[in-house]
Amino acid sequence: MIRENGTLPLANKRIALYPGSFDPITNGHLDLIGRGSRLFDRLIVAILRNESKQALFSVPERIDMLQEVSRGFHNVEVASFNGLLVDYASEAGAGVLLRGIRAVSDYEYELQMALMNRRLRPSIETVFLMSSEAHSFISSRLVKEIIGLGGNISGLVPPSVENKLRERLLGEKR
Ligand code: PNS
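Be aware that the sequence shown starts at 23, since it is given in this note's numbering, and climbs by one per residue.
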C-alpha cells in the first residue's frame with residue numbers, strides 16, 4: 023500500500039539482493055545494478071566472503087570498487103556476507119535474489135542455485151535479468167586473463183576498475 027505522500031511503508035518495500043564474487047566488478051555487473059535499482063526499492067549488492075576461493079582483490083577492495091562505481095544509484099548499497107545466501111537475505115530483509123544470465127551456458131548453474139535456494143527458503147524468489155547484448159560476453163575471469171596478457175579491456179570494466187587491474191596485474195602505478 024502506498025502512503026499519501028507517495029512513499030512505501032518499510033514492510034512493503036521491495037528489497038533485492040544481488041550476490042556474487044565481483045572479483046572485480048565488470049560493466050555487465052554494473053548494467054545489472056542499474057537495471058535492478060530501477061526495479062526494486064532497495065538493492066543490496068553483496069560480495070561473498072569465501073576464504074577457500076583465491077581472489078585477486080580482497081573483500082574490502084571489492085567493496086570500495088563497488089561503492090565507487092554505484093555511487094550514482096541512490097537506492098544501492100554494498101555489503102559482504104558469508105554462510106548461506108538465503109540466511110543473509112532473510113537477515114537483510116530481502117525477498118528477492120537478483121542474478122544475471124548471459125548465455126545458455128549460465129542457465130544450468132543458475133537454475134540449480136535458484137531451485138536449491140527455493141528449497142532452503144521458499145519465501146525468497148530468484149529473479150533473473152538477461153544481460154544486455156553488449157555485455158553478454160564479459161566475465162571477471164576473462165577480463166583478468168586478457169589484461170594480464172597485455173590485451174585491451176577498455177569498455178569492459180569501469181575506468182577506475184581498469185586502473186586497479188593494471189596496478190595489480192601489470193604493476194602500473196597511476
Ligand atoms: O558471482 P558468482 O561467483 O557466480 O556468485 C556465486 C554466489 C555467491 C551467488 C554463490 O556462490 C552463493 O550464493 N554462495 C553462498 C553460499 C550458498 O548459499 N550456497 C548455496 C547456494 S544454492
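Beta carbons are placed, not taken as given, at the ideal position from N, Cα and C, and that holds for glycine.
Our two residues, Leu187 and Gln134, have alpha carbons roughly 32 Å apart in a direct line. Distance from the C-beta of Pro180 to the nearest heavy atom of the ligand PNS is not below 7 Å. The beta carbon of Pro41 sits closer than 7 Å to at least one heavy atom of the ligand PNS. Relative to the ligand PNS, the beta carbon of Leu52 is positioned no closer than 7 Å to any heavy atom. The distance from the Cβ of Gly115 to that of Ser145 is about 12 Å, inconsistent with a contact at the 8 Å cut-off.
Relative to the ligand PNS, the beta carbon of Leu70 is positioned inside 7 Å of a heavy atom. Three or more beta-carbon pairs separated by less than 8 Å link the stretch 84-99 to the stretch 36-48, which places the two stretches in contact.
In the structure shown, Ser158 adopts coil according to DSSP, grouped into three states. Rounded to the nearest whole angstrom, the C-alpha separation of Phe159 and Thr148 is 22 Å.
In the three-state reduction of the DSSP assignment, Arg143 falls in the coil class, being assigned neither a helical nor a strand state. Annotation for Arg64: the continuous beta strand (DSSP E) segment containing it runs 64-70. Take Ser182, set aside five residues on each side of it, and the residues of its chain with a beta-carbon closer than 8 Å to its own are Met87, Glu90, Val91, in chain order. In this structure, Ile175 and Glu184 form a Cβ contact; the two beta carbons are roughly 6 Å apart against a cut-off of 8 Å.
Assignment of Arg57 by DSSP, reduced to helix, strand and coil, places it in the helix class. Boundaries for Glu73: no alpha helix (DSSP H) harbours it, and the DSSP string shows neither H nor E there. Relative to the Cα of Gln76, the nearest Cα in the group Arg163, Leu192, Leu178 belongs to Arg163.
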